[in-house]
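Take the sequence shown: its letters are residues 197 to 569, numbered as in my numbering.
Backbone N, C-alpha and C define an ideal beta-carbon position, used for all residues, glycine too.
What follows is a short report on a single structure.
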Amino acid sequence: MRRSLLSLAVVMTVAALAAFPASASEPLRVCLDPDLPPLSSAAGERHGIYWEVGKRLADALGRPFQPHGWPTDLGKRAIRTTLLADRCDVALGVPHVKGLVGPRVLVAGPLLDLGYVLAFSEGGRIARIDELVGKRVAVAFNSEPQTALATLDGVVTVTFREPEEAVRAMLRGEADAAFVWEPAAVRIEQETGRRLTIVRVDGPRLRWQAAAGVAREKRALHERLDELIDAMRPEIAAIARSYGLRYDAAIGWDWLATPPERRGALPAPIVRVAADQPTTEAALGERGRTLFNAVLGCAHCHGRDAVGPERARDLRRMQIRYRGDWIDTYWQTVLEGRLQTRSGYAMPAWKDTASREDLEAILVWLSGLQLAR
Ligand code: HEC
Numbered sequence: 197m198r199r200s201l202l203s204l205a206v207v208m209t210v211a212a213l214a215a216f217p218a219s220a221s222e223p224l225r226v227c228l229d230p231d232l233p234p235l236s237s238a239a240g241e242r243h244g245i246y247w248e249v250g251k252r253l254a255d256a257l258g259r260p261f262q263p264h265g266w267p268t269d270l271g272k273r274a275i276r277t278t279l280l281a282d283r284c285d286v287a288l289g290v291p292h293v294k295g296l297v298g299p300r301v302l303v304a305g306p307l308l309d310l311g312y313v314l315a316f317s318e319g320g321r322i323a324r325i326d327e328l329v330g331k332r333v334a335v336a337f338n339s340e341p342q343t344a345l346a347t348l349d350g351v352v353t354v355t356f357r358e359p360e361e362a363v364r365a366m367l368r369g370e371a372d373a374a375f376v377w378e379p380a381a382v383r384i385e386q387e388t389g390r391r392l393t394i395v396r397v398d399g400p401r402l403r404w405q406a407a408a409g410v411a412r413e414k415r416a417l418h419e420r421l422d423e424l425i426d427a428m429r430p431e432i433a434a435i436a437r438s439y440g441l442r443y444d445a446a447i448g449w450d451w452l453a454t455p456p457e458r459r460g461a462l463p464a465p466i467v468r469v470a471a472d473q474p475t476t477e478a479a480l481g482e483r484g485r486t487l488f489n490a491v492l493g494c495a496h497c498h499g500r501d502a503v504g505p506e507r508a509r510d511l512r513r514m515q516i517r518y519r520g521d522w523i524d525t526y527w528q529t530v531l532e533g534r535l536q537t538r539s540g541y542a543m544p545a546w547k548d549t550a551s552r553e554d555l556e557a558i559l560v561w562l563s564g565l566q567l568a569r
């Protein structure tokens with residue numbers, strides 16, 4: 197009995213190999229950001245966490261590893277020109293939320309937990325969030341930490357264009373803490389050789405999981421990667437630690453529990469923009485436009501550049517429609533959606549599928565488009 201089962205397995209394996217003769221040697225093309233240390237980096241001797249994970253996944257599949265550049269910022273989301281154009285088989289580092297990068301992408305994983313951390317110079321730390329009251333906290337402009345800190349009275353928020361700049365300023369003594377995306381803190385730690393104390397902050401919209409994205413057509417690959425990643429999780433965690441990702445402490449902060457009238461309104465920020473960089477507003481607006489037209493798919497229903505197929509969906513007319521309330525209406529509609537409309541079409545709710553930063557970038561862009569009459 198045992199023998200016949202065994203031979204059946206052998207026959208099945210041989211049959212399976214014969215059915216897919218090429219797949220064993222075809223490279224596994226892995227989309228990786230070329231400049232996002234410690235997650236991935238084309239330069240240097242060690243190429244980053246995702247790079248090493250990609251290599252191990254290729255090994256496990258018996259396929260040669262072939263990295264494919266997938267630039268940061270918008271490029272990271274513009275999965276259309278990479279994964280969906282079949283330039284790579286898998287993209288490492290997409291958010292582990294079904295449908296967030298579009299219906300054509302399946303997510304395998306999660307690979308890693310990531311999020312915002314409070315970084316202090318060595319020795320500094322807090323045990324509760326209200327210990328930040330009276331302190332100066334450096335953040336990246338328009339980031340989730342900036343929004344969250346606006347709900348906490350008495351914190352002096354100092355805003356920078358990039359999270360790395362916020363960490364460097366903290367190390368120079370210009371702030372008591374930096375509240376930033378954790379890879380940025382680790383990057384500066386490695387750049388400066390100064391050890392930081394890194395405190396994880398558990399709270400709404402402050403943590404998420406990264407995953408492997410695969411085009412919907414490659415269902416079998418997606419399933420296989422899901423299994424492999426699941427089995428590799430301890431190994432992935434060890435790789436992440438070897439690149440300096442870690443927490444020296446953790447605190448919880450349910451900042452959304454703050455009364456709603458305190459939320460949403462951003463504080464007047466102190467923005468420090470290096471002279472050679474485009475103005476924050478312009479860069480943000482441009483990002484918003486791309487998100488609207490090409491990434492989040494708003495243009496499908498609202499027309500390219502928000503011109504709207506019908507008046508009620510023409511988003512350039514919001515200020516005419518709602519006057520001073522138009523920004524509140526924007527947030528209300530975009531976060532919660534709108535089911536009852538005269539046209540019968542529904543506006544989806546975006547609160548769980550788009551980041552606050554992205555929706556803010558769209559708002560900045562829309563502000564510049566409002567018609568006078
Ligand atoms: C599936 C179609 C669809 C998509 C996708 C969509 N919307 Fe809408 N949106 C609508 C409809 C329908 C309305 C309601 C218009 C009405 O009241 O008749 C609406 C209303 C709005 C309003 C309120 C407009 C007003 O003047 O009352 C805003 C703001 C808005 N959408 C922004 C967005 C943004 C930003 C995105 C992308 C993140 C987006 N929408 C994606 C269909 C869509």
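For P306, the enclosing beta strand (DSSP E) covers residues V301 to S317. For C227, there is no enclosing alpha helix (DSSP H); the residue is found in the beta strand (DSSP E) stretching over L224 to L228. DSSP places Q405 in the uninterrupted beta strand (DSSP E) bounded by R403 to A411. Separation of G369 and D309 (C-alpha to C-alpha, rounded to the nearest whole angstrom) is 29 Å.
With contacts defined by Cβ atoms closer than 7 Å, L302 and H418 form a contacting pair. By the beta-carbon neighbour count (other beta carbons within 10 angstroms, threshold 16), P400 is exposed. If one requires a minimum length of 3 residues, the beta strand (DSSP E) runs lying completely within the stretch 370-449 are 373-377, 392-398, 403-411 and 445-448, in chain order.
Taking 8 Å as the upper bound for CB-CB distance, T393 and E327 are not in contact here, some 13 Å apart.
S438 is classed as exposed because its beta carbon has fewer than 16 other beta carbons within 10 Å across all chains shown. With a threshold of 16 other beta carbon atoms within 10 Å, D285 meets it and is buried. Proximity of the beta carbon of V530 to the ligand HEC is indicated: a heavy atom of the ligand is located closer than 6 Å. Residue state for V333 is assigned as strand, using DSSP reduced to three classes. Secondary structure at D231: strand, using DSSP grouped into helix, strand and coil. Burial is judged here by how many other beta carbons sit within 10 angstroms of a residue's own beta carbon; I425 has at least 16 and is buried. For S237, the beta-bridge partners assigned by DSSP are D231. The three-state reading of DSSP puts T278 in coil, since its state is none of H, G, I, E or B. Taking G289 as reference, the option from M543, R512 and Y246 with the minimal CA-CA separation is Y246. Non-local beta-carbon contacts of D510 in its own chain, meaning distances under 8 Å to residues more than five positions away in sequence, involve H498, G499, A502, V503 and G504 in chain order. Classified as buried, V491 has 16 or more neighbouring CB atoms from the shown chains inside 10 Å of its CB.
CA-to-CA, the gap between G320 and R391 works out to about 11 Å.
Within the chosen limit of 6 Å, the ligand HEC reaches the beta carbon of W546 through at least one heavy atom.
Taking C-beta separations shorter than 7 Å and ignoring five residues to either side along the sequence, R519 has no partners in its chain.
Distances taken from the Cβ of I245 to the heavy atoms of the ligand HEC include none shorter than 6 Å.
Cα atoms of V410 and A281: separation of roughly 11 Å, rounded to the nearest angstrom. Judged by their CB atoms, I322 and E360 are not nearer to each other than the 7 Å cut-off.
Taking non-hydrogen atoms of the ligand HEC into account, the C-beta of L492 is found less than 6 Å away from one of them.
Q515 is positioned such that its CB atom lies closer than 7 Å to that of W522. One thing to note: A381 has its Cβ within 7 Å of the Cβ of A315. Each of E413, Y541, R552 and L531 was checked against the Cα of R300, and the nearest Cα belongs to E413.
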